[in-house]
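The structure appears below as structure tokens.
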Amino acid sequence: MTLIEDVDNRVTEGNEGDNRFVILPTWVKPTPTSTPVPPTVTSTPVPPTPTYTPTAAPILYSNYGTTRYHVLTITAGWRQFEAEAIAAFKNTEWYADGLYLGFVNSGFSANNPTYRVDAPQGYHEVIATIYNSSGGFEEQHTWSVTVVP
Amino acid sequence: MTAIPTPTPTVIVTMTATNTAVPERPNLRPTQPDLWNAALVVSADRTQFLETPPPGGSQFVFGEQVHAHWAVTNDSQKAVTETFQVGIKVDETLVITSVVPGLGSGETAMELNIACRLSTPGSTR
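Protein sequences appear in the order of chains H and X.
Per numbering that gives the first Met the number 0, the first sequence starts with residue 0, numbered consecutively.
Per numbering that gives the first Met the number 0, the second sequence starts with residue 0, numbered consecutively.
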């Protein structure tokens, strides 16, 4: 399987020899499975009653200043998580579902750290861990999010 | 009588270098962004992140949907101003193409979650 940039050679490049990248995955035949037996329905499921209306707000803020934990139900789509009103020169590490995404520094202008994602359905946890310029832990912002259609 | 030394001629070679400006060309190449496993990643699942694919796999099942993720960078000082195409070949057959509307100097273009399905047995190349 080969990645090729500039497939039809429209761009005259300084080095035409570095246009390809090859990986070698293998494909296997699917394992035959037995015919599934449909489960017997023993009772009629009762649809859950929503306890609150899911939010469609595009930006989910958490105010800088102390460790905060938010439990939210949101609709699927693009969202931005943001530590609001952060101080200058703070480092923020972002995690989503346990995966480290990288860090940003708020700089002299104290730019709020943000993380944007096209939120898929299901349960997700987004964490922003904030450190001072010396690397000392300051606070953590957690969004515990259930994404619904 | 004292012999008068015959002066030896000294040849002075003057070299004049002519600088002929060679126009720099842009250069595109596959790239591995931070947190990516490679410039081309194939995974069974979609990624929920905008710029980071899943770790990727090495073995997949025929007929099941997989997702391709690629990244290309312009590592030159000159921007690519024209539209170009990035492609993915499987067994020398072009199966996926993506149009990139130019790429600035030092910039990286990427596309994630390209759904595809392989139906022919065999190792891919």
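Even glycine gets a Cβ: it sits at the ideal position worked out from N, Cα and C.
Report the rounded CA-to-CA distance for P49(H) versus Y60(H), giving the unit in angstroms.
-> The residue given as residue 49(H) occupies position 50 in the first sequence. The residue given as residue 60(H) occupies position 61 in the first sequence. With a pLDDT of 48 at P49(H), under the threshold of 50, the predicted position of this residue should be treated as unreliable, though the coordinate-derived value follows. Roughly 23 Å between the two C-alpha positions.
What does V79(X) touch in chain H if you count any residue whose Cβ is under 8 Å from its own?
-> For the purposes of this step, residue 79(X) is identified with residue 80 of the second sequence, where counting begins at 1. What V79(X) touches in chain H: V10.
Any idea what DSSP makes of R74(X), helix, strand or coil?
-> Position 75 of the second sequence holds residue 74(X). According to the sequence displayed, residue 74(X) carries Asp and not Arg. Coil at D74(X), not helix or strand.
At a Cβ threshold of 8 Å, is T50(H) touching chain X?
-> On the first sequence, residue 50(H) is found 51 positions in, with the first residue counted as 1. Reliability fails at T50(H), whose pLDDT of 49 lies under 50, so the model's placement of it is uncertain and the value that follows must be treated cautiously. Not one chain X Cβ lies under 8 Å of T50(H).
Cutoff 8 Å: R78(H) Cβ touching any chain A Cβ = Absent from the structure: chain A. Protein chains present are H and X.
Can a CB atom of chain X be found closer than 8 Å to the CB of L59(H)?
-> Working through the first sequence from its first residue, we reach residue 59(H) at position 60. By this cut-off, L59(H) is not an interface position.
Can you find a C-beta in chain H that's less than 8 Å from the C-beta of Q84(X)?
-> In the second sequence, the residue the question calls residue 84(X) occupies position 85. Closer than 8 Å to some Cβ of chain H, the Cβ of Q84(X) qualifies, so yes.
8 Å Cβ cutoff, I129(H) in contact with chain X | Sequence index remark: in the first sequence, residue 129(H) carries index 130 (1-based). False, the Cβ-Cβ gap to chain X never drops below 8 Å.
Proximity test, Cβ basis, 8 Å: T96(X) and chain H | Translated into positions along the second sequence, residue 96(X) becomes position 97. True, the Cβ-Cβ gap to chain H drops below 8 Å.
Between T74(H), Y122(H) and T66(H), which lies nearest to F193(H) when the distance is taken from Cα to Cα?
-> For chain H, the structure presents residues 0 to 148; residue 193(H) sits outside this window and is missing.
Output, in sequence order along the chain, the residues in the stretch 87-99 of chain H whose CB is closer than 7 Å to any CB in chain X.
-> A95
Under a three-way DSSP split, which group does D17(H) fall into?
-> Taking the first residue of the first sequence as position 1, residue 17(H) is located at position 18. It is helical.
When you check each C-beta in the stretch 31-50 of chain X against every C-beta of chain H, which residues fall closer than 7 Å?
-> D33, L34, A37, A38, L39, V41, Q47, F48 and L49
Given a limit of 8 Å on CB to CB distance, which residues of the stretch 107-138 of chain H reach chain X?
-> R115, V116, D117, A118, P119 and H123
Who are the near neighbours of T80(X) in its chain, counting only those whose CB is closer than 7 Å to its CB and skipping five residues on each side?
-> Along the second sequence, read from residue 1 onward, the residue named residue 80(X) stands at position 81. Cβ neighbours of T80(X) beyond the five flanking positions: G101.
Residues bridged to R78(H) [DSSP beta-bridge criterion] | Translated into the one-based positions of the first sequence, residue 78(H) becomes position 79. Note: R78(H) sits in a beta bridge opposite V116(H).
Reduced DSSP secondary structure (H/G/I, E/B, other) of E106(X) = As a first step, residue 106(X) is located in the second sequence; it is residue number 107 there, counting from the start. Coil, per DSSP.
A75(H) versus P119(H) - alpha carbon distance = Along the first sequence, one-based indexing puts residue 75(H) at 76. Along the first sequence, one-based indexing puts residue 119(H) at 120. When rounded, the distance between both Cα atoms is 6 Å.
Excluding sequence positions up to five away, which residues of its chain have a Cβ less than 8 Å from the Cβ of A86(H)?
-> Working through the first sequence from its first residue, we reach residue 86(H) at position 87. Taken in chain order, the residues that qualify are Y63, S105 and A109.
From the beta carbon of N104(H), is the nearest beta carbon of chain X less than 8 Å away?
-> Stepping through the first sequence from its first residue, residue 104(H) is reached at position 105. By this cut-off, N104(H) is not an interface position.
Given L111(X), which residues of its chain have a CB within under 7 Å of its CB, disregarding the five upstream and five downstream residues?
-> Indexing the second sequence from 1 puts residue 111(X) at position 112. The residues are T46, P52 and H68.
Would you say I135(X) reaches chain H, if we count a Cβ-Cβ gap shorter than 8 Å as a contact?
-> Outside the modelled stretch of chain X, which goes from 0 to 124, sits residue 135(X), for which no answer is possible.
Tell me L93(X)'s beta-bridge partners as DSSP assigns them.
-> Residue numbering aside, residue 93(X) sits at position 94 when the second sequence is read from its first letter. Answer by DSSP bridge pairing, in chain order: K88(X).
Please list, in chain order, all residues of the same chain as K77(X) whose beta carbon is under 7 Å from its beta carbon, the five residues on each side excluded.
-> Within the second sequence, residue 77(X) is the residue found at index 78, counting from 1. For K77(X), where only same-chain residues beyond five positions count, the Cβ hits under 7 Å are E23, R24, P25 and S104.
Any chain X beta carbon closer than 8 Å to I73(H) | As a position in the first sequence, residue 73(H) is number 74, starting the count at 1. Chain X, which has no Cβ nearer than 8 Å to the Cβ of I73(H), makes this no.
Contact under 8 Å by Cβ, G55(X) with N36(X) = The sequence position of residue 55(X) within the second sequence is 56, counting from 1. The sequence position of residue 36(X) within the second sequence is 37, counting from 1. Closer than 8 Å, so yes.
Going by the CB atoms, is the gap between L49(X) and R115(H) shorter than 8 Å?
-> Against the first sequence, residue 115(H) aligns to sequence position 116. Against the second sequence, residue 49(X) aligns to sequence position 50. In this structure, L49(X) lies closer than 8 Å to R115(H) by Cβ.
Provide the residue span of the beta strand (DSSP E) that contains T54(H), from first to last.
-> The residue you call residue 54(H) lines up with position 55 of the first sequence. Looking at the DSSP string, T54(H) is not in any beta strand (DSSP E), and its letter there is neither H nor E.
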